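Take a look at the structure set out below.
Number of protein chains: 2
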Amino acid sequence: MSKKNAILLAATELFSQKGYDGASMAELSRMTGAAGGTIFHHFKNKEDLFLNILGGIKETILSAFDQYLKDANFRNGLELVEGAVSFYLQLAGRMQAQFLLLHRHFPYKMAEANPVCRDYLESIYDCLLDIFEKGILRGQKDGSVDGVPARQSAMILFSMVDGIARFNTYQLYDAGALYSALMAACRKMIGLKRPTDDDAVT
Amino acid sequence: MSKKNAILLAATELFSQKGYDGASMAELSRMTGAAGGTIFHHFKNKEDLFLNILGGIKETILSAFDQYLKDANFRNGLELVEGAVSFYLQLAGRMQAQFLLLHRHFPYKMAEANPVCRDYLESIYDCLLDIFEKGILRGQKDGSVDGVPARQSAMILFSMVDGIARFNTYQLYDAGALYSALMAACRKMIGLKRPTDDDAVT
DNA sequence: TTATAAACCAACCGATCGTTCGGTTGGTTT
DNA sequence: AAACCAACCGAACGATCGGTTGGTTTATAA
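Order-wise, the sequence lines are chains A and B.
The numbering of the first sequence is our numbering, which starts it at 5 and goes up by one.
The numbering of the second sequence is our numbering, which starts it at 5 and goes up by one.
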């Protein structure tokens with residue numbers, strides 16, 4: 005089990021750094037000390053190896069958000085959305101290789117032909133969009149969020165925070181320096197225009 | 005000049021569809037009808053071919069925005085920002101292959117080692133961020149934009165619109181259906197909280 | 001018409017690609 | 001102890017990779 009795990013770990017780094025075509029099985033063999041044949045003993049081919057990695061990423065992200073939402077205690081919908089945005093950035097910083105993988109193009113290209121790959125990606129994005137959307141809907145009930153279109157605003161919010169996470173790993177932005185401005189932007193975007201200053205409402 | 009242009013055109017499509025490593029010179033030769041040696045007659049190697057393409061993309065985008073800003077007549081800073089966001093999406097729809105290239109990871113990876121590549125990418129992003137920032141600053145003078153941090157808000161705005169353009173080409177979103185919600189989000193994000201309803205000031 | 005250079009070509013190079021294969025371990029199960 | 005097993009190995013496969021070569025066509029200008 006040790007070698008197989010080492011292969012998965014090294015391959016995650018390799019795929020994220022060099023892309024699918026750029027990652028070679030020979031280099032993976034060198035990195036792990038596993039012989040060429042060993043890799044193909046554990047995974048039937050290169051694509052299967054990648055799908056194993058992507059599936060693991062999906063599990064990790066989904067269960068991380070699950071845990072976060074279960075533990076946290078939000079006073080209203082707006083705080084839930086803010087928390088989700090903040091946690092997404094935090095997770096992207098903690099799982100840099102995995103998020104770099106998700107920010108590359110080849111998984112989405114592969115998803116066009118491979119239903120398993122498509123399912124993994126859709127699971128991730130559906131889950132995240134649902135969290136944002138539910139926060140908005142809850143906020144519209146409790147008075148913390150304005151009457152914006154929920155699903156569409158969730159998409160815009162997500163593309164905003166994911167874009168910043170992406171530019172951060174590309175080293176074009178510094179996400180940390182943008183953090184407070186980003187949270188303020190979220191509040192302005194979906195928050196009520198004239199709340200009771202303290203936005204704690206039933 | 006005909007063959008060289010055909011090579012550039014086909015290579016743009018190939019690089020954007022398959023990435024740098026996935027695009028093969030043999031396939032490019034097949035696509036264009038040019039012999040293998042002919043491609044290396046016009047471009048000294050694969051990387052040089054890509055840099056020629058990236059340079060062309062930079063020229064096209066920069067001059068398109070130059071023309072747009074020269075022709076348009078904005079009443080205030082907020083309208084300028086809205087116009088720039090709108091035009092960016094429009095351009096991304098018109099130049100799908102080029103934007104797909106910019107949304108892949110390999111150009112940013114290459115930029116780490118190749119100063120020419122880095123210069124091209126920085127030129128594009130600096131130009132766009134400057135446009136957004138100037139619109140915000142102008143809006144803060146004419147009263148159409150709130151007192152948000154200019155450069156940081158420009159970055160957030162840009163990552164938002166670029167993220168949507170990216171998800172659109174990945175076929176996860178439909179940018180057209182998000183358009184009006186996006187423009188509204190922009191206005192809420194940086195616009196004054198309580199303008200004169202019609203925000204024509206000064 | 002001839003000289004010159006640019007454009008173009010097919011053939012070829014060594015290296016590397018993903019993958020396969022025959023065979024060797026060391027530990028369980030029969 | 002015989003049979004079986006998954007884990008592991010390294011050599012070898014055909015295909016394809018980016019790039020080079022030497023020679024032929026084409027266009028230009030004297």
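For every residue, glycine included, the Cβ atom is placed at its ideal position computed from N, Cα and C.
None of these values were measured; they are calculated from a predicted model.
Coarse secondary structure for residue i, derived from DSSP in three states
{"i": "A/A15", "result": "helix"}
{"i": "B/N118", "result": "coil"}
{"i": "B/N49", "result": "coil"}
{"i": "A/M35", "result": "helix"}
{"i": "A/F162", "result": "helix"}
{"i": "B/D178", "result": "coil"}
{"i": "A/A27", "result": "coil"}
{"i": "B/F54", "result": "helix"}
{"i": "B/R98", "result": "helix"}
{"i": "B/F171", "result": "helix"}
{"i": "B/C190", "result": "helix"}
{"i": "B/R155", "result": "helix"}
{"i": "A/R2", "result": "Any answer about residue 2 of chain A is impossible in this case: the structure gives chain A only from 5 up to 206."}
{"i": "A/R142", "result": "helix"}
{"i": "B/H109", "result": "coil"}
{"i": "B/D203", "result": "Because the pLDDT of B/D203 is 41, which lies under 50, any placement of that residue in the model is unreliable, and the number read from its coordinates should be weighed accordingly. Correct three-state label for B/D203: coil."}
Close beta carbons around residue i, own chain, < 8 angstroms, minus the five adjacent residues each side
{"i": "B/Q102", "result": "T16, S20, I61, T64 and I65"}
{"i": "A/R155", "result": "L133 and E137"}
Residues that DSSP places opposite residue i in a beta bridge
{"i": "B/G195", "result": "B/V149"}
Spatially closest choice to residue i from the options, by CA coordinates
{"i": "A/Q71", "options": "A/I135, A/A185 and A/N49", "result": "A/I135"}
{"i": "B/E126", "options": "A/Q175, A/G180, A/L93 and A/Q100", "result": "A/Q175"}
{"i": "B/F91", "options": "B/A76, B/I160 and B/G195", "result": "B/A76"}
{"i": "A/T161", "options": "A/L32, A/Q100, A/D146 and A/E86", "result": "The sequence as given places Leu at residue 161 of chain A; Thr does not occur at that position. The shortest C-alpha separation from A/L161 is found at A/E86."}
{"i": "A/I128", "options": "A/D166, A/D146 and A/A117", "result": "A/D166"}
{"i": "B/A96", "options": "B/M187, B/L196, B/G180 and B/P119", "result": "B/G180"}
{"i": "A/C190", "options": "B/V152, B/H109, B/S184 and B/P119", "result": "B/V152"}
{"i": "B/Q94", "options": "B/A68, B/R79 and B/H109", "result": "B/A68"}
Close Cβ partners of residue i (< 6 angstroms) along its chain, the five nearest in sequence each way excluded
{"i": "B/R170", "result": "H107"}
{"i": "B/V149", "result": "G81, L82, I140, G143 and I194"}
{"i": "A/L104", "result": "S20 and T173"}
Near the ligand GTP: residue i beta-carbon under 8 angstroms from a heavy atom
{"i": "B/Q175", "result": "Absence of the ligand GTP is noted for the structure shown, with no ligands found whatsoever."}
Cβ neighbours of residue i in the same chain (closer than 7 angstroms, five flanking residues each side left out)
{"i": "B/A158", "result": "L133, F136, E137 and I140"}
{"i": "B/L58", "result": "P111, C121 and Y124"}
{"i": "B/F54", "result": "F19 and Y24"}
{"i": "B/M29", "result": "G40, I43 and K50"}
{"i": "A/A115", "result": "C121, R122 and L125"}
{"i": "B/N9", "result": "none"}
CB-CB length for residue i against residue j, believed under 8 angstroms
{"i": "B/K192", "j": "A/K192", "result": "6 angstroms"}
{"i": "A/K7", "j": "A/A38", "result": "5 angstroms"}
{"i": "B/L18", "j": "B/L32", "result": "6 angstroms"}
{"i": "B/A197", "j": "A/K197", "result": "Before going further, note that residue 197 of chain B is Lys rather than Ala in the sequence given. Correct: roughly 6 angstroms between the Cβ atoms."}
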